[in-house]
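Peer 1:
Next up, the structure:
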């Protein structure tokens, strides 16, 4: 039994993979025309599909919306009972139906056409009712469904989904949609948090900054470093950053000096240290700390005056890393 289940699963996946591969080789100018229709759309992209095609339409609409193309899905049966009012002049409709003969969709086509709304048909039959009524037809036909009876929508829905992804990502690339743009559509997600959080939002400020002047005795500076618990102490002159001293620096000092009582922090600090501006994304701090193997980082303004401090724990607390 386990072997037969695995064999069945492999056949399904390979059949669907072959169908998607065939789709890639079949793309033509109709795909480009579809992209142009959507690019020139002054309204929204409206996905319509019945049954399994409707579920695929919902996912495609969500992908469009999250990648910079305003879109939503409408259930064709509900559209016939009032929701058609959601479709307005300037929109583009993508009608998904493998047979191309969905009664629920065909009932809507004349009304949609009277609105001067362009229709992109996504079907498995160019000569179908929807295929002939649409402005642009996208061929999502498959040789066979992955279902052993060639009945359950499997390969066909996978191909329709792949076509939707191809449209969304091609448009994303064409319009120069950036990771920052993506983050603005996903403010609650991990990527959004990383790209939309700035250093100034998470840095320690005011009395929480471990800062001393260069003449401070090392032992006194260590007390400040311990109290502020950031694994560093910043050396400043009238708030201007002069250097840094970290836990790692302390280990090196203890290895090379038998008596540290006479040392000042200026004697052992790292001058010209790395720092970051407060208005930089927190991810920029992560990248800098990774590149230079740092655990702590001073935050400065354009005049190199210290305005804050961050460390690895700060970034972890903010869920940046």
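In our numbering, the protein residues as written are 1 to 321.
For every residue, glycine included, the Cβ atom is placed at its ideal position computed from N, Cα and C.
First and last residue of the beta strand (DSSP E) that includes residue 243?
Peer 2: Counting along the chain, the beta strand (DSSP E) containing residue 243 begins and ends at 240-246.
Peer 1: Let me check understanding here. Comparing Cα to Cα, which of 254, 199, 205 and 307 lies closest to residue 289?
Peer 2: Comparing Cα positions, the closest option is 199.
Peer 1: Rounded to whole angstroms, what is the Cα-Cα separation between residue 257 and residue 301?
Peer 2: So the two alpha carbons sit approximately 35 Å from each other.
Peer 1: In chain order, which continuous runs of the alpha helix (DSSP H) of length 4 or greater are located wholly inside the region 22-62?
Peer 2: The qualifying runs are 29-39.
Peer 1: Along the beta strand (DSSP E) that carries residue 92, what are the first and last residues, could you check?
Peer 2: Run containing residue 92: 92-96, per the beta strand (DSSP E) assignment.
Peer 1: Over the uninterrupted alpha helix (DSSP H) stretch that includes residue 207, give me the two end residues.
Peer 2: Careful: residue 207 lies outside any alpha helix (DSSP H) and carries neither H nor E.
Peer 1: What does the alpha-carbon distance come out to for the pair residue 119 and residue 205?
Peer 2: The straight-line gap from Cα to Cα measures roughly 56 Å.
Peer 1: Quickly, what does DSSP pair residue 305 with across the bridge? List them, please.
Peer 2: Beta-bridge pairing links residue 305 to 240.
Peer 1: Would you kindly report the start and end of the unbroken beta strand (DSSP E) that includes residue 296?
Peer 2: Element bounds for residue 296: 296-300.
Peer 1: Leaving aside the five residues before and after residue 276 along the sequence, list all residues of the same chain whose C-beta is less than 7 Å from its C-beta, in chain order.
Peer 2: Within the same chain, residue 276 has close Cβ partners 199, 284, 285, 288, 297 and 299.
Peer 1: Please work out which residues of its chain come closer than 8 Å, Cβ to Cβ, to residue 76, disregarding the five sequence neighbours upstream and downstream, and give them in chain order.
Peer 2: Counting only Cβ-Cβ distances below 8 Å, and skipping sequence neighbours, we find 48, 49, 50, 54, 102, 104, 105, 107 and 108.
Peer 1: If we ignore side chains and look at the alpha-carbon of each, how far apart do residue 15 and residue 155 end up?
Peer 2: So the alpha carbons of these two residues sit roughly 7 Å apart.
Peer 1: Between which two residues does the alpha helix (DSSP H) holding residue 103 run?
Peer 2: Per DSSP, residue 103 belongs to the alpha helix (DSSP H) from 103-114.
Peer 1: Going by Cα to Cα distance, which pick from 269, 24, 218 and 84 is closest to residue 161?
Peer 2: For the residues 269, 24, 218 and 84, the minimum Cα distance to residue 161 belongs to 24.
Peer 1: Quick check: the Cα distance between residue 126 and residue 133, rounded to an integer number of angstroms?
Peer 2: Those two C-alpha atoms are separated by around 10 Å.
Peer 1: Between which residues of its own chain and residue 218 is the CB-CB distance below 6 Å, once the five residues before and five after are set aside?
Peer 2: Same-chain partners within the cutoff: 260, 263 and 265.
Peer 1: Please name the residue or residues paired with residue 232 in a DSSP beta bridge.
Peer 2: Its beta-bridge partners are 246.
Peer 1: Start and end of the beta strand (DSSP E) containing residue 71?
Peer 2: Run containing residue 71: 71-74, per the beta strand (DSSP E) assignment.
Peer 1: Assuming residue 42 and residue 90 are in contact, meaning their beta carbons sit under 8 Å apart, how far apart are those beta carbons, in whole angstroms?
Peer 2: Right, their Cβ atoms sit about 4 Å apart.
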